[in-house]
Amino acid sequence: MPLYLGLDSSTQGLTGIVIDVDGSRREVVFESSLQFDAALPQYGTQHGVLPHADPSVACSSPAMWTDALELMLARVAASGLDLSRLAAISGSAQQHGSVYIGPGSADRPPLPFTRAVAPIWMDSSTSAECAEITEAVGGSATLAAHTGSRAVERFTGPQIRRFYKTEPLAYTATRRIHLVSSFLASLLIGAHAPVDPGDGSGMNLMDLATNRWWMAAVEATAPGLAAKLPPIVPSSTVIGMLSPYWRERHGLPGAAVVAWSGDNPCSLIGTGLVREGVVAISLGTSDTIFGLMREPRVSPDGTGHVFGSPTGEFMGITVFRNGSLARERMRDVYGLTWNRFSSALEENTPGNDGRMLLPWFEPEITPLVSRGSVRRFELDASDGPANIRALVEAQMMAMALHSRWMGVDVKIIYATGGASANRAILQVMADVFGADVYQFDVGNSACLGAALRAFEAHRAATGQPVPWDDVVRGLAEPVTSSLVSPHPSRHAMYRELTERYAEREASALAT
């Protein structure tokens, strides 16, 4: 039976997963990861990022990504798997990063770079360019209505504009501007690869309604840009075959290569979010809520983002910076272990007798808060359990409040990330949203999503299409025994409390 390879190039490393598909059975038969810093120390990265004197600048090395791909495919070749069964390959990559290629051969690595570094999603140096693009297209609302997001510093369009302004000769010499995903896909097929709508929508350049480059934004970004951008193709497109370079170098077969996508769209598949009404909440360094949307509804306040989904629909995503950062800060302030944190959370009754706080320990993304500032309402800072309850309730109410723009009736939540092990936190989540919550053992969801995408696209291309529910079945599913159900009376109380939270948030933002 066929094997499918998924690759994921994240900020810090590269992961490969091979799945074996035998009828209705899905099984991971190979998984390997390498960290850029350790595996390729000659590039001098720190956590995958090149050091820079300006903290607003964040770049990585596309040559390093090329070498990492060599190392990973060598591991796949040495895995002992019967690689004659390898039917298709697809990939995931950190969104928003850009790679600049000049004239020359694209039939084998490395491609000729006109820019030695690639700006990545952590970069925040393009505020001026964001303002320029926004003004040129008629304002933030117009830009978001077309592209799914207001102008964002880390997005690719503003990064391209900055390159054009600061290095005009290198920009002129650039033949193709790739995303990280299409760059790595190009290496696999030995030709310039297209982009898919999932990753293309993270650029402030693609029109969501048509899945084509929106020329107003393209022309506002840099002259001659349209000719330098890859074409956009559906996510399930087979874009070529693994090139002779890889077959000769590693003895790999001529497998089909499916269009790569961004890590967020691939994670959508890797967590099984293939129907509306099921969302994932990642409780990590930042907290994130994301899920599938049938229609490209846009966040009116500009905090949420809409990307294309590999299913051909859309995904909404909202990010909150004060996630685990805030929970850890609160734990440390009161000198607690995580077990004691959970106990303190449970000591106070749901609703916390109306006591609240706005947990902006650090500048916040959602809502946009430029300086950290914790605000308490009827809450004594010395009362540890009440403050912990107020923190967790505020985080959950903020997610419920700021995901309304998606227009999705949330019935089921898959909880991921480190704090998802805390069932006391999950109970608050269930009660606030009025939804069943399941723990989800992610395990490289973006990479798994890439492998599942390779399976889906290959089957479609060979005239044997598989519904998305069946594609993810058996691998991208939650732990069924982990169910945390909401208390109906608590949910009713939290609906009212969330409106009070919204009023206090709006008042704080106004001042």
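First residue of the sequence shown? That's 0 in numbering that gives the first Met the number 0, and the numbers climb one at a time after it. Idealized CB from N, CA, C, for every residue including glycine.
Report buried or exposed for residue i, applying the criterion of at least 16 other Cβ atoms within 10 angstroms of its Cβ.
i      : result
Ala429 : buried
Glu455 : buried
His46  : exposed
Pro295 : buried
Glu392 : buried
Asn421 : buried
Glu152 : buried
Gln394 : buried
Thr461 : exposed
Met329 : buried
Thr302 : buried
Val48  : buried
Glu134 : exposed
Arg370 : exposed
Asp331 : exposed
Ser23  : exposed
Gly416 : buried
Gly12  : buried
Ser537 : Past the boundaries of the shown model lies residue 537; the chain is included only from 0 to 510, so the question cannot be answered.
How is the beta strand (DSSP E) around residue i delimited, first residue to last?
i      : result
Ser444 : Run containing Ser444: none in the beta strand (DSSP E); it sits in the alpha helix (DSSP H), Ser444 to Ala460.
Val98  : Ser97 to Ile100
Phe376 : Ser372 to Phe376
Phe112 : Taken as a continuous stretch (DSSP letters only), Phe112 belongs to no beta strand (DSSP E), as it is neither H nor E.
Ala87  : Leu85 to Ala92
Trp359 : Met355 to Trp359
Gly5   : Leu2 to Ser8
Taking 8 Å as the limit between beta carbons, can you name the residues of its chain near residue i, skipping five residues before and five after?
i      : result
Asp435 : Lys410, Ile411, Ile412, Ala429, Leu482, Val483, Ser484 and Pro485
Leu251 : Leu72, Val75, Ala76, Leu82, Leu85, Leu241 and Trp245
Leu425 : Ala414, Ser419, Val436, Gln438 and Val483
His457 : Pro1, Tyr3, Ala86, Ala87, Val237, Ala255 and Val257
Residues in its own chain within less than 7 Å of residue i by CB, not counting five upstream and five downstream?
i      : result
Asp19  : Met0, Leu2, Glu26 and Val28
Gly353 : Glu377
Leu367 : Thr302
Gln158 : Ser97, Pro118, Asp122 and Thr125
Ala449 : Gly5, Leu6, Asp7, Ser89, Gly90, Ser91 and Cys265
Ser372 : Trp359
Pro384 : Ala343, Glu346 and Asn347
Would you mind giving the Cβ-Cβ distance between residue i and residue j, rounded to the nearest angstrom? I have them listed as a contact below 8 Å.
i      : j      : result
Thr317 : Thr284 : Not quite, the Cβ-Cβ distance comes to about 15 Å (not below 8 Å), so this is no contact.
Ala389 : Leu356 : 4 Å
Pro61  : Phe154 : About 18 Å; that fails the 8 Å criterion.
Val148 : His304 : Rather than Val, the amino acid found at residue 148 in this sequence is Ser. At roughly 5 Å, the Cβ-Cβ gap stays under 8 Å, so Ser148 and His304 are in contact.
Gly253 : Gly201 : Actually they do not touch by this definition, with Cβ atoms about 31 Å apart.
Gly96  : Pro111 : At roughly 18 Å, the Cβ-Cβ gap does not stay under 8 Å, so Gly96 and Pro111 are not in contact.
Ala216 : Gly156 : 6 Å
Thr113 : Thr173 : 5 Å
Gly311 : Phe289 : With a Cβ gap of about 17 Å, Gly311 and Phe289 do not count as contacting.
Asp206 : His145 : 5 Å
Phe319 : Met398 : 7 Å
Gln93  : Val179 : 6 Å
Ala219 : Ile132 : 5 Å
Between which two residues does the alpha helix (DSSP H) holding residue i run?
i      : result
Arg160 : Thr155 to Thr165
Leu70  : Pro61 to Ala76
Met428 : Arg422 to Phe432
Ala397 : Gly383 to Leu400
His490 : Pro487 to Ala509
Phe182 : Val179 to Ile188
Pro230 : Where Pro230 is concerned, there is no enclosing alpha helix (DSSP H), given that its DSSP letter is neither H nor E.
Tyr511 : For the chain, the structure presents residues 0 to 510; residue 511 sits outside this window and is missing.
Leu33  : No alpha helix (DSSP H) holds Leu33; the beta strand (DSSP E) holding it covers Arg24 to Gln34.
Leaving aside the five residues before and after residue i along the sequence, list all residues of the same chain whose C-beta is less than 6 Å from its C-beta, in chain order.
i     : result
Arg84 : Pro1 and Leu2
Gly43 : none
Quick one: does residue i have its CB under 9 Å from some CB of chain D?
i      : result
Ala184 : The chain labelled as chain D is not found in the depicted structure, where only one protein chain is given.
Exercise for review: Report the residue ranges of all beta strand (DSSP E) runs contained in full by the stretch 257-333; include only those spanning at least 3 residues, in chain order.
Suggested key: Entirely contained in the stretch 257-333, the beta strand (DSSP E) runs reaching 3 residues are, in chain order, 277-282, 286-292, 304-307 and 313-319.
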